[in-house]
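A.B. asks: This is the structure I have questions about; it appears just below.
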Amino acid sequence: MSDYLGDTEKVPSTAVSWLPFYHDMGLMLGVILPMINQDTAVLLSPMAFLQRPARWMQLLGRHRGQISSAPNFGFDLAVRRTSDDDMAGLDLGHVRAIATGAERVNPATVRRFIDRFAKFNLSQSAIRPSYGLAEATVYVATAGPGRPPKTVCFDYQHLAAGRAKVCESDGDEGAKLVSYGAPRASTVRIVDPDTRTETREGTVGEIWVQGDNVAMGYWRNPELTERTFGAKLVDPSAGTPVGPWLRTGDLGVMFEDELFITGRIKDLLVVDGSNHYPDDIEATIQEITGGRVVAIAVPDDSTEQLVTIVEVTTWGHPDDAASDRLRTVKRDVTSAISRLHRVRVADVVMVAPGSIPVTTSGKVRRSTCVERYLNQEFTRVDGAA
């Protein structure tokens, strides 16, 4: 907890959580850490949060909550559905850390959240992009206490080719990634997943982790345990152990001694022979539509094509205004992806909110989306076939 709370770690604190206990982050924040530290936990059911996202912010204010966490979509919901009346008389100045994780953090979401609740004294430094996974007790890295979230713009094409190159000017459009700081609680290396050798700083690779927080393995699954927890480096650098290492399956890069996450190995899209990070494409679309989206690659003869599923608000029964709006969204999405990512979109599927399947923690189920698309199971609000 010192990585989050700094020198005030031993001061009694109150955790506020709406995450379900069957989700690792919810179990850790809502149950295990308060029990270990003999602290207070204020709990809200996930359904109560989804019904009224303002309840989360109200509990933070009323109970002087100091630590909380949520996936990226939770921050978006709180911004869109919390009014000034909901926050009347409440102060968030005591909040020390709200961890955002479980999926790649969208810098635009972080900025909207900070801007929305600044008037209620929420500190910029309270928002803590955090990287972790269940196999490493839900925590690997976060930026140090007292620092606002740091965002760096990387050139799309260089990043897709495996190299981190900063955008030439602040106005450039590129992949905006948040920093997860310099890992302190765990040893982290960026590794070429094919050669199992360490990469140089600024080169994208798989994130490997070692530390006391890493589990011993999976229950009664020795084969998967060996593949995931027993990785060994080839020709490690001085002071770096050969193994065993935890293979996270996540792609990342160390840049100026800080960790940035680029995506999941299994989610990487290969279209027309080029690599594309779906998170980057989805972030581009969300700046246009504001809703949940998913970018997938679907087979077409001997190649794969890019398809995007976009949730848009419906406007009642179809009319000319609604149809024009949908056509504009489709045109803007197609144009933005072509211009920024240099890839052609084969299909833009516009669906009603709630149509994209997600996990219990809000992560999009990409493989399920591919299946539903191929089976034509998505109901299009634009009427396209």
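Residue numbers for the sequence shown follow the UniProt record's numbering, beginning at 1 and rising by one. A virtual CB, placed ideally from N, CA and C, is assigned to each residue, including glycine.
At the level of alpha carbons, what is the spacing between residue 399 and Asp250?
C.D. replies: Absent from the model: residue 399. The displayed extent of the chain is 1 to 385, so no value can be given.
A.B. asks: Please look up how many angstroms separate the CB atoms of Asp345 and Thr303, rounded, as I've assumed it's under 8 Å.
C.D. replies: Walking along the sequence shown from the start, residue 345 turns up at place 345. Walking along the sequence shown from the start, residue 303 turns up at place 303. Note that residue 345 corresponds to Val in the displayed sequence, not to Asp. With a Cβ gap of about 14 Å, Val345 and Thr303 do not count as contacting.
A.B. asks: Leaving out five residues before and five after Pro71 in sequence, what residues of the same chain have Cβ atoms less than 6 Å from its Cβ?
C.D. replies: Position 71 of the sequence shown holds residue 71. Once the five neighbours on either side are set aside, the close Cβ partners of Pro71 are Ala102, Glu103, Ser361 and Gly362.
A.B. asks: Can you have a look at Asn221 and say buried or exposed, based on whether 16 or more other CB atoms are within 10 angstroms of its CB?
C.D. replies: Counting from one through the sequence shown, the residue named residue 221 turns up at place 221. Exposed: under 16 other Cβ atoms inside 10 Å.
A.B. asks: For Gly291, collect the residues of the same chain with a Cβ closer than 8 Å to its Cβ; drop the 5 residues on either side in sequence, then sort them by chain order.
C.D. replies: Mapped onto the sequence shown, residue 291 falls at position 291. Excluding sequence neighbours, Gly291 sits near Val310, Glu311, Val312, Thr313 and Pro353.
A.B. asks: Could you name each continuous alpha helix (DSSP H) segment of 4 residues or more that falls completely within the segment 62-106, going from the start of the chain to the end?
C.D. replies: Counting whole runs of 4 or more residues, the segment 62-106 contains the alpha helix (DSSP H) stretches 72-80.
A.B. asks: When you compare the CB positions of Ser274 and Val343, do they come within less than 8 Å of one another, or not?
C.D. replies: By 1-based counting over the sequence shown, the position of residue 274 is 274. By 1-based counting over the sequence shown, the position of residue 343 is 343. Yes, Cβ-Cβ distance for Ser274 and Val343 is below 8 Å.
A.B. asks: At what residues does the beta strand (DSSP E) containing Cys369 begin and finish?
C.D. replies: If you number the sequence shown from 1, residue 369 lands on position 369. Run containing Cys369: none in the beta strand (DSSP E); it sits in the alpha helix (DSSP H), Arg366 to Leu374.
A.B. asks: Can you say whether Pro148 is buried or exposed, counting buried as having 16 or more other CB atoms within 10 angstroms of its CB?
C.D. replies: If you number the sequence shown from 1, residue 148 lands on position 148. Classification for Pro148: exposed.
A.B. asks: Measuring straight from C-alpha to C-alpha, what distance separates Gln305 and Leu269?
C.D. replies: The residue labelled residue 305 in the question sits at position 305 within the sequence shown. The residue labelled residue 269 in the question sits at position 269 within the sequence shown. The straight-line gap from Cα to Cα measures roughly 9 Å.
A.B. asks: Is Phe120 helix, strand or coil when you go by DSSP?
C.D. replies: Along the sequence shown, one-based indexing puts residue 120 at 120. Three-state result, Phe120: helix.
A.B. asks: Which runs of the alpha helix (DSSP H) at least 4 residues long sit entirely within the segment 304-362? Give them in chain order.
C.D. replies: Within the segment 304-362, the complete alpha helix (DSSP H) runs of at least 4 residues are 320-341.
A.B. asks: Measure from the alpha carbon of Ile296 to the alpha carbon of each residue in Asp347, Arg325 and Val329, then state which is nearest.
C.D. replies: Numbered from its first residue, the sequence shown carries residue 296 at position 296. Checked all of Asp347, Arg325 and Val329; the closest Cα to Ile296 is Asp347.
A.B. asks: On the DSSP bridge list, what partners appear for Val293?
C.D. replies: Working through the sequence shown from its first residue, we reach residue 293 at position 293. According to DSSP, which records beta bridges pairwise, Val293 is partnered with Val310.
A.B. asks: In this structure, does DSSP put Val31 in helix, strand or coil?
C.D. replies: For the purposes of this step, residue 31 is taken as the residue at position 31 of the sequence shown. Looking at Val31 - three-state DSSP - the assignment turns out to be helix.
A.B. asks: The beta strand (DSSP E) that contains Pro129, what's its start and end?
C.D. replies: Position 129 of the sequence shown, counted from the start, is the residue given in the question as residue 129. First-last of the beta strand (DSSP E) with Pro129: Ile127 to Tyr131.
A.B. asks: Would you identify the three-state DSSP class for Leu44, choosing helix, strand or coil?
C.D. replies: Residue 44 sits at position 44 when you count from the first residue of the sequence shown. Three-state DSSP puts Leu44 in coil, outside helix and strand.
A.B. asks: What whole-angstrom Cβ distance do Thr14 and Gln66 have, given they're in contact under 8 Å?
C.D. replies: Sequence index remark: in the sequence shown, residue 14 carries index 14 (1-based). Sequence index remark: in the sequence shown, residue 66 carries index 66 (1-based). Between Gln66 and Thr14 the Cβ distance is about 6 Å, and since that is below 8 Å, they are a contact.
A.B. asks: Using the beta-carbon count (16 or more within 10 Å), is Lys330 buried or exposed?
C.D. replies: Stepping through the sequence shown from its first residue, residue 330 is reached at position 330. The residue in question, Lys330, is buried, as its Cβ has 16 or more Cβ neighbours within 10 Å.
A.B. asks: What is the DSSP secondary structure of Lys266, counted as helix, strand or coil?
C.D. replies: Here residue 266 refers to the residue found at position 266 of the sequence shown. Helix at Lys266.
A.B. asks: What are the uninterrupted segments assigned as beta strand (DSSP E) that are 3 or more residues long and contained completely in the segment 192-261, given in chain order?
C.D. replies: Whole beta strand (DSSP E) segments, 3+ residues: 205-210 and 246-255.
A.B. asks: Ile190 and Thr197: beta carbons closer than 8 Å?
C.D. replies: Within the sequence shown, the letter at position 190 stands for residue 190. Within the sequence shown, the letter at position 197 stands for residue 197. Their beta carbons are not under 8 Å apart, which means Ile190 does not touch Thr197 by this criterion.
A.B. asks: For Leu224, is the classification buried or exposed, using 16 other Cβ atoms within 10 angstroms of its Cβ as the cut-off for buried?
C.D. replies: Taking the first residue of the sequence shown as position 1, residue 224 is located at position 224. That one is exposed.
A.B. asks: Counting only the same chain and skipping the five closest in sequence on each side, list residues whose C-beta sits under 6 Å from that of Pro278.
C.D. replies: Position 278 of the sequence shown, counted from the first residue, corresponds to residue 278. These residues qualify, in order along the chain: Asp267, Leu269 and Ala295.
A.B. asks: Does the Cβ of Tyr139 have 16 or more other Cβ atoms within 10 Å, making it buried, or fewer, making it exposed?
C.D. replies: Reading the sequence shown from its first residue, position 139 is the one you call residue 139. Buried, since its Cβ has 16 or more Cβ neighbours within 10 Å.
A.B. asks: For the beta strand (DSSP E) holding Ala175, just list the boundary residues, first then last.
C.D. replies: Mapped onto the sequence shown, residue 175 falls at position 175. Segment Ala175 to Val178, the beta strand (DSSP E) holding Ala175.
A.B. asks: Quick one: what does DSSP say Ile299 is sitting in, helix, strand or coil?
C.D. replies: Working through the sequence shown from its first residue, we reach residue 299 at position 299. Reading off the sequence, residue 299 comes out as Pro, not Ile. Correct three-state label for Pro299: strand.
A.B. asks: Does Val140 come out as helix, strand or coil in the three-state DSSP assignment?
C.D. replies: Position 140 of the sequence shown, counted from the start, is the residue given in the question as residue 140. Val140: coil per DSSP, three-state reduction.
A.B. asks: Determine which residues share a DSSP beta bridge with Thr151 and list them.
C.D. replies: Reading the sequence shown from its first residue, position 151 is the one you call residue 151. Val178.
A.B. asks: Which residues in the same chain have their Cβ closer than 7 Å to the Cβ of Gly89, if we skip the five residues on either side of it in sequence?
C.D. replies: Taking the sequence shown and counting its residues from 1, one reaches residue 89 at position 89. Contacts found: none.
A.B. asks: Can you list, in chain order, the residues of its chain with a C-beta nearer than 6 Å to that of Met28? Leave out the 5 residues immediately preceding and following it.
C.D. replies: As a first step, residue 28 must be located in the sequence shown, where it is residue number 28. Excluding positions up to five away in sequence, the list reads Val138.
A.B. asks: Give the single residue among Ser338, Val298, Val381 and Leu326 whose Cα lies nearest to the Cα of Cys369.
C.D. replies: Position 369 of the sequence shown holds residue 369. Of the candidates Ser338, Val298, Val381 and Leu326, the one whose C-alpha sits nearest the C-alpha of Cys369 is Val298.
A.B. asks: Okay, do the segment 31-44 and the segment 110-129 touch, 3+ Cβ pairs below 8 Å being the bar?
C.D. replies: The answer is no - the segment 110-129 does not touch the segment 31-44, with fewer than three Cβ pairs under 8 Å.
A.B. asks: Would you give the residue range spanned by the beta strand (DSSP E) that Ala160 belongs to?
C.D. replies: Residue numbering aside, residue 160 sits at position 160 when the sequence shown is read from its first letter. Note, Ala160: premise wrong, no beta strand (DSSP E); alpha helix (DSSP H) at Tyr156 to Ala160.
A.B. asks: Let me know the secondary structure DSSP gives Arg189 once reduced to three states.
C.D. replies: Along the sequence shown, one-based indexing puts residue 189 at 189. Three-state result, Arg189: strand.
A.B. asks: Near Trp245, which residues of its chain fall below 6 Å by C-beta distance, leaving aside the five closest residues on each side in sequence?
C.D. replies: Numbered from 1 along the sequence shown, position 245 holds the residue referred to as residue 245. Correct list, in chain order: Trp208, Gln210 and Ala231.
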